[in-house]
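Adding 15 to a residue's 1-based position in the sequence shown gives its number in the working numbering.
For each residue, glycine too, the CB sits at the ideal point set by N, CA and C.
Remarks on the structure that follows.
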Amino acid sequence: MPRSPLRFCPPALLLTSLLMAAGCGGGGTSTGGDPDGGVVTDASIDGGATDGDMAQPDASADGGAGVDAGGPGCGDGVRQSTEACDDRNTRGGDGCAADCAQIEPGFICPAPGFACVKVVCGDKRIQGDEQCDDGNARSGDGCSSECRLEDGWACPLTGAACVAARCGDGRIAGAEQCDDGDTQSGDGCSSECRLEDGYKCGAPGTPCTATVCGDGVVEGTEQCDDGNVAPYDGCDPSCRLEPSCAGGECVTSCGDGVVIEGSSEQCDDGNQRDGDGCSSTCRQEPGYVCSLQTIASPPTITLPVIFRDFRGADLSNPKGHPDFQSGSGSDITFGIAADALQDVQNTDTGRMERDRPVFSGKVATMPTNSATVTSATSFSDWYMDRSSRTDGRQNLPVYHTLSLARVSSDPTSPDYDSYEFATDRFFPIDGEGFTAPGASPSEPLRDANVPGKHNFSFTTEVHYWFQYQGDEVLNFTGDDDLWVFVDGHLCLDVGGLHPAVAATLDFADPSNAESQKQRAIVTACKARLTPGKTYEVAIFHAERHTTASNFRLTLRNFFRQRSTCDSICGDGIVTAAEACDDGENLGGYNGCMPGCQQLGPYCGDGVVTAPEERCDYADPA
Numbered sequence: 016m017p018r019s020p021l022r023f024c025p026p027a028l029l030l031t032s033l034l035m036a037a038g039c040g041g042g043g044t045s046t047g048g049d050p051d052g053g054v055v056t057d058a059s060i061d062g063g064a065t066d067g068d069m070a071q072p073d074a075s076a077d078g079g080a081g082v083d084a085g086g087p088g089c090g091d092g093v094r095q096s097t098e099a100c101d102d103r104n105t106r107g108g109d110g111c112a113a114d115c116a117q118i119e120p121g122f123i124c125p126a127p128g129f130a131c132v133k134v135v136c137g138d139k140r141i142q143g144d145e146q147c148d149d150g151n152a153r154s155g156d157g158c159s160s161e162c163r164l165e166d167g168w169a170c171p172l173t174g175a176a177c178v179a180a181r182c183g184d185g186r187i188a189g190a191e192q193c194d195d196g197d198t199q200s201g202d203g204c205s206s207e208c209r210l211e212d213g214y215k216c217g218a219p220g221t222p223c224t225a226t227v228c229g230d231g232v233v234e235g236t237e238q239c240d241d242g243n244v245a246p247y248d249g250c251d252p253s254c255r256l257e258p259s260c261a262g263g264e265c266v267t268s269c270g271d272g273v274v275i276e277g278s279s280e281q282c283d284d285g286n287q288r289d290g291d292g293c294s295s296t297c298r299q300e301p302g303y304v305c306s307l308q309t310i311a312s313p314p315t316i317t318l319p320v321i322f323r324d325f326r327g328a329d330l331s332n333p334k335g336h337p338d339f340q341s342g343s344g345s346d347i348t349f350g351i352a353a354d355a356l357q358d359v360q361n362t363d364t365g366r367m368e369r370d371r372p373v374f375s376g377k378v379a380t381m382p383t384n385s386a387t388v389t390s391a392t393s394f395s396d397w398y399m400d401r402s403s404r405t406d407g408r409q410n411l412p413v414y415h416t417l418s419l420a421r422v423s424s425d426p427t428s429p430d431y432d433s434y435e436f437a438t439d440r441f442f443p444i445d446g447e448g449f450t451a452p453g454a455s456p457s458e459p460l461r462d463a464n465v466p467g468k469h470n471f472s473f474t475t476e477v478h479y480w481f482q483y484q485g486d487e488v489l490n491f492t493g494d495d496d497l498w499v500f501v502d503g504h505l506c507l508d509v510g511g512l513h514p515a516v517a518a519t520l521d522f523a524d525p526s527n528a529e530s531q532k533q534r535a536i537v538t539a540c541k542a543r544l545t546p547g548k549t550y551e552v553a554i555f556h557a558e559r560h561t562t563a564s565n566f567r568l569t570l571r572n573f574f575r576q577r578s579t580c581d582s583i584c585g586d587g588i589v590t591a592a593e594a595c596d597d598g599e600n601l602g603g604y605n606g607c608m609p610g611c612q613q614l615g616p617y618c619g620d621g622v623v624t625a626p627e628e629r630c631d632y633a634d635p636a
């Protein structure tokens, strides 16, 4: 590889260079000295030079052992056309070979007749056969411990950090997270060599592959993988960490992109990588400042949803679940679900199921009451995994998403941050679960009050996190049961078998609730919440009987703050986003330019900078 044209001009040459025929730049053979061909010594320099100005000829005190005092040749202090150097002696090991044919590795010989200088890797100057010098003697950062350029790197600024030579060369360097050998986005490694969501990248130069969320192996951009794609268990269906809201106010996990007031996290940029300002432990890294930024309100919000499909009680072989397709009702039955969610041991799976609705026992069970709940045991099936059972209590989970559209597109409207899903034809799992082709046992599609046949025996579970302000107005419609819990406590009760019934969770004015019982529930809910804190909303719904299916929910104040981290130019700490930072960055000699992206003038940049320099030469290639 050709050597860089930029070379250090030692102070010892500042005066000598004015008297040398070839000057300070190294374009040819330097003859130096007086008109008679003698070697220039300190005494021949006008005004004299001190020992600190010039490296002295290498001669021994005993008369000059190793010094050729004869005619022209190696050791005479004059570099001939056949010589690479001449330090006025014929000893090797001092930088100039004994026969003057080569400059020895690790040295520079800037002027004939004077001692060679040992090259120091890591002094922020490119000298001798150095290809780079980034100010340290470490390998792996682009410039090796011997100041050789490493594969895939470029070191455009002497004394500053090296960077990736280019994205797409099949080598990972600099701030690159991957390099699959091309600059195409959408294949796992972006055009800027950043790892894309849903992919893992192996050896540099090889194609990236999609990760499989739910296989129990954390890979690529996955933050977790608990072996399933079920939401609301701490690891979402995209293998991203979910906030934990057990026992009160939500607590975030590092890497979930959420920073909650009062948490131990200093930042959270949505990943667990070091070197980007927010560390893998969500601490602000030196040289950066991290702040919370509000994410613009999107036109739609997509939430994970769990549907659990059941077979109706009117079926046989085996008989279906006793709480579906049985009984009747015409209005809300308050008190079916207990006032608070509970952790329940799932006797089928052996797992502890967190925050489940439980039967309160406050109302009579069917068939004597329109509550139409057979027992506490049958009610426990509604929102727990019973897929392994073979009797009528069996259910099949189906995982989907629910898209809520922004209520108003006007940024000045109070509904701009409100999102709604509403339909009078809520049949989300037709042809799935027990109604899937070939399912055994199966559930038939049933007649409806709208065209076609549909699946009427399922429950719905949706969660979301919001920052409570105290003025939220959330609207819900359920057909049949619908319960809304905030912070694990009942805040809206639309339970029972009934046609479409609307209910309003009005935190601004609980008196707007539709009934005295509902007002009492909303008032008690509001009293437990503190404005500014983040809480989980859990919505549990059941569609249990023909012939209509209505579902509506309006949600708002989704948590939309994320951390952004920026390097601080002027703090004296050089980050991955900066070329230099001397604390002042005024662009002075040996300093850093404003903006921290470029070095100021320095010896070796090929430009003579007065008054600091009398020369700034380039070695011949």
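Taking 8 Å as the cut-off, the beta carbon of Leu568 is found closer than this to the beta carbon of Ile554.
Secondary structure note for Val477: its beta strand (DSSP E) is the uninterrupted segment 473-482. Within the same chain, Cβ atoms closer than 8 Å to the Cβ of Gly242 are found at Gly229, Asp230, Gly231, the five residues on either side in sequence being excluded. Burial of Tyr434 is indicated by the presence of at least 16 other C-beta atoms within 10 angstroms of its C-beta. When rounded, the separation of the alpha-carbon atoms in Val552 and Trp480 is 6 Å. Between Asp445 and Leu460, the gap from beta carbon to beta carbon is short of 8 Å.
It is roughly 37 Å from the alpha-carbon of Cys204 to the alpha-carbon of Arg369. Beta-carbon to beta-carbon, Gly150 and Lys139 are separated by about 5 Å, close enough to satisfy the 8 Å threshold. At a Cβ-Cβ threshold of 8 Å, Ile275 and Thr545 do not count as neighbours. Considering only Val413, Leu505, Ala169, Thr348, the residue with the shortest C-alpha distance to Asp354 is Leu505. Per DSSP, the unbroken beta strand (DSSP E) holding Ala437 starts and ends at 433-438. If you draw a straight line from the Cα of Val233 to the Cα of Thr296, it is about 17 Å long. Each residue's CA atom was taken as its position, placing Val537 and Arg408 some 33 Å apart. Beta-bridge analysis with DSSP links Phe566 to Thr438, Gly493. The C-alpha of Phe349 lies about 34 Å from the C-alpha of Asn332.
Of the residues assessed, Leu507 falls on the buried side of the cut-off, its CB having 16 or more other CB atoms within 10 angstroms. In the DSSP assignment, Gln409 falls outside any beta strand (DSSP E) and carries neither an H nor an E. Three or more pairs of CB atoms, one per stretch, sit closer than 8 Å, so the region 321-331 contacts the region 409-422. Here DSSP, grouped into helix, strand and coil, assigns Val274 to coil. When beta bridges are read from the DSSP output, His504 appears opposite Ala355, Val501. The region 389-400 makes no contact with the region 297-310; the number of CB pairs closer than 8 Å stays below 3. Comparing alpha carbon positions, the residue from Cys131, Cys136, Asp156 closest to Asp148 is Cys136. Across the set Gln95, Gly510, Leu318, Val227, the C-alpha of Gly510 shows the shortest separation from the C-alpha of Lys377. Contact between the region 494-505 and the region 592-601 is not established, with fewer than three Cβ pairs separated by less than 8 Å.
If you look at Thr315, you'll find it in the beta strand (DSSP E) that goes 315-324. The C-beta of Ala218 has fewer than 16 other C-beta atoms within 10 Å across all chains shown, which makes the residue exposed. In the three-state reduction of the DSSP assignment, Cys297 falls in the coil class.
Within the same chain, Cys89 come within 6 Å of Asp114 by CB-CB distance, once the 5 residues on both sides are set aside. In the three-state reduction of the DSSP assignment, Ser343 falls in the coil class, being assigned neither a helical nor a strand state. Per DSSP, Gln199 is not a residue of any alpha helix (DSSP H), being assigned neither H nor E. DSSP lists Phe481 as the bridge partner or partners of Tyr550. Setting aside the 5 residues that flank it on each side, Cys124 is surrounded in the same chain by Cys100, Asp102, Gly110, Cys111, Ile118, Cys131, each with a C-beta closer than 7 Å to its C-beta; the list follows chain order. In its chain, beyond the 5 residues on either side, Phe522, Ala523, Lys541, Leu544, Pro546 have a beta carbon closer than 8 Å to the beta carbon of Gly485.
Under the three-state reduction of DSSP, Val266 is assigned to strand. Annotation for Ala179: Ala188, Gly189, Glu191 place their beta carbon closer than 6 Å to its own, counting only its chain and skipping 5 residues before and after. Across the structure, Gln360 and Met367 are spaced so that their CA atoms are roughly 4 Å apart.
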